[in-house]
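Residue numbers (the UniProt record's numbering): 11 to 371.
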Amino acid sequence: RKSLKIAVIPGDGIGQEVMPEGLKCLRAVAKRYNIKIQLDEHFADWATCPRYLREGSMLPEGWKEQLTSYDAIYFGAVGHPATVPDHISLWGSLIQFRREFDQYISLRPCKLLPGIRCPLADKKVGDIDFWVVRENTEGEYSSVGGKIFEGTEREVVIQETVMTRIGVDRVLKYAYELAQSRPKRHLTSATKSNGISISMPYWDQRVAEMGKKYSDVFVDKFHIDILTAWFVLRPETFDVVVGSNLFGDILSDLGPACTGSIGVAPSGNINPEGRWPSLFEPVHGSAPDIAGKGIANPIGMIWAGQMLLEHFGHKEAAHTMMRAIEAALERGGTGIITPDLGGAGTCEGLGSYIASLIEEI
Ligand code: NAD
Ligand code: IPM
Ligand code: MN
11 RKSLKIAVIP
21 GDGIGQEVMP
31 EGLKCLRAVA
41 KRYNIKIQLD
51 EHFADWATCP
61 RYLREGSMLP
71 EGWKEQLTSY
81 DAIYFGAVGH
91 PATVPDHISL
101 WGSLIQFRRE
111 FDQYISLRPC
121 KLLPGIRCPL
131 ADKKVGDIDF
141 WVVRENTEGE
151 YSSVGGKIFE
161 GTEREVVIQE
171 TVMTRIGVDR
181 VLKYAYELAQ
191 SRPKRHLTSA
201 TKSNGISISM
211 PYWDQRVAEM
221 GKKYSDVFVD
231 KFHIDILTAW
241 FVLRPETFDV
251 VVGSNLFGDI
261 LSDLGPACTG
271 SIGVAPSGNI
281 NPEGRWPSLF
291 EPVHGSAPDI
301 AGKGIANPIG
311 MIWAGQMLLE
321 HFGHKEAAHT
331 MMRAIEAALE
341 RGGTGIITPD
351 LGGAGTCEGL
361 GSYIASLIEE
371 I
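Written out as structure tokens, the structure reads:
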């Protein structure tokens, strides 16, 4: 098999801390399964955005060509709000990657792992195990809109939601097919068609229309407000949950929080056709509140590496990585697990422990 070419972008804040642990684990599993992985770091001077301060842009000219030849991008986190406003740093990087590389699927697991004390009462491993499929290139995240009468009392600010037939149908197709591949064959759609009276009824209509092709999938829908309540009150009833860009964003922090910590959650930004590189990253951000302390949970980053291997069909290696993560949580004890999970461990300590388990488990 040809070697996997991966572009590595650690980014800001704890992105810089969790990335070395992710790479450590990827190297360990690649060695064990004899997988050739080329890991090239890009934009090494990223942290705290010096290029933005110097040139007014987050990425150098030619960034797209620079990354296009890669099979995938392994990404830490972006955001240094003390230097650059978040919408500028994110629209100038991650959101551009998602759009330019047409990574229209955001795939995010919500799974209660062994060894984690679930914040919801009486839940055991297996009770929470579902996927959030988030539309990742349009919807509420749009640059259509503007301001008039700025700075006056008549100021008006408009930002449009954009839903295209192609954009909605392709994420629904992916979600239906994912549901179809799972034993429960259950798809839940996040909507808000009672209040958002144009785009959301359209979304519902496409869910129903697409559903005709997947008659073996049981589909239901909930308005986003009650859906967030059901995530907390009965997470065991979900299997695959599909949502628009914003709803999917919210659900994919809430879901992992219900399983203990957003620090463990990974994410695939996928271009299913493989025309462009897909991007794998933790769900969390740069966490300025804990950056530099060495206590970030590296599992989101490591699990993102696991998703990357799974994506390219390295099933055994991916399986071993998952088992190592679970074993670390079960066996590690408070000295190894990080403070977000109630331990006193460090990012480096937990990452190295998982890497050692990958070698021997
Ligand atoms: P965040 O995910 O960075 O942090 C939220 C909270 O969770 C913080 O208290 C943080 O300490 C904690 N946390 C996050 N990851 C953790 C980990 N691995 N281990 C332990 N604790 C962890 O979200 P935020 O505070 O809303 O955003 C901070 C910055 O990150 C902003 O600039 C934001 O725009 C950016 N951001 C980037 C991404 C990304 O790059 N994909 C995602 C979300 C937020
Ligand atoms: C995520 C993040 C991003 C998003 C931000 C940082 C723009 O929250 O990946 O979930 O909203 O997509
Ligand atoms: Mn988010």
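Beta carbons are placed, not taken as given, at the ideal position from N, Cα and C, and that holds for glycine.
The structure displayed is predicted, hence computed values, not measured ones.
With a threshold of 7 angstroms, the Cβ atom of residue 105 counts as near the ligand IPM, since some heavy atom of the ligand is closer than that. Contact annotation: residue 24 and residue 354 have beta-carbon atoms that are not nearer than 8 angstroms. Residue environment analysis places residue 218 among the exposed positions, since fewer than 16 neighbouring C-beta atoms fall within 10 angstroms of its C-beta. Placement of the Cβ of residue 348 at a distance of less than 7 angstroms from at least one heavy atom of the ligand NAD is found. The Cβ neighbour count for residue 85, taken over all protein chains shown within 10 Å, is at least 16; the residue is labelled buried. For residue 279, the three-state secondary structure derived from DSSP is strand.
In this structure, residue 221 sits away from residue 142, with a CB-CB distance that is not shorter than 8 angstroms. Taking 7 angstroms as the cut-off, the C-beta of residue 293 counts as close to a heavy atom of the ligand MN. Placement of the Cβ of residue 100 at a distance of less than 7 angstroms from at least one heavy atom of the ligand NAD is found. Beta-bridge pairing by DSSP links residue 333 to no other residue. A contact is defined here as three or more CB-CB pairs under 8 angstroms, and the region 342-360 fails this definition with respect to the region 62-69. Annotation: the continuous beta strand (DSSP E) that includes residue 21 extends over 14-21. Residue 118 counts as buried, since at least 16 other C-beta atoms from the protein chains shown sit within 10 angstroms of its C-beta. In the three-state DSSP reduction, residue 35 falls in the helix class (H, G or I). Distances taken from the Cβ of residue 96 to the heavy atoms of the ligand MN include none shorter than 7 angstroms.
Taken atom to atom, the span from the alpha-carbon of residue 340 to that of residue 223 is near 42 angstroms. Exposed is the label assigned to residue 162, since fewer than 16 other Cβ atoms lie within 10 Å of its Cβ. At a Cβ-Cβ threshold of 8 angstroms, residue 364 and residue 328 do not count as neighbours. Spatial neighbours of residue 169 in its own chain (CB-CB distance under 6 angstroms, excluding positions within 5 residues in sequence) are listed in chain order as 155.
Here residue 210 is near residue 203, since their CB atoms are less than 8 angstroms apart.
The residues 148, 149, 152 and 154, in chain order, have a CB closer than 8 angstroms to that of residue 172 in the same chain once the five nearest residues on each side in sequence are set aside.
In chain order, 365, 368 and 369 place their CB closer than 6 angstroms to the CB of residue 38, counting only its own chain and leaving out the 5 sequence neighbours on each side.
Assignment of residue 350 by DSSP, reduced to helix, strand and coil, places it in the helix class. Checking the 7 angstroms criterion, the Cβ of residue 137 is out of range of every heavy atom belonging to the ligand MN. Not one heavy atom of the ligand NAD is found less than 7 angstroms from the C-beta of residue 249.
With respect to residue 47, residue 280 sits apart: the two C-beta atoms are not nearer than 8 angstroms. Of the residues assessed, residue 185 falls on the buried side of the cut-off, its CB having 16 or more other CB atoms within 10 angstroms. Per DSSP, reduced to three states, the secondary structure at residue 203 is coil, with no helix or strand assignment.
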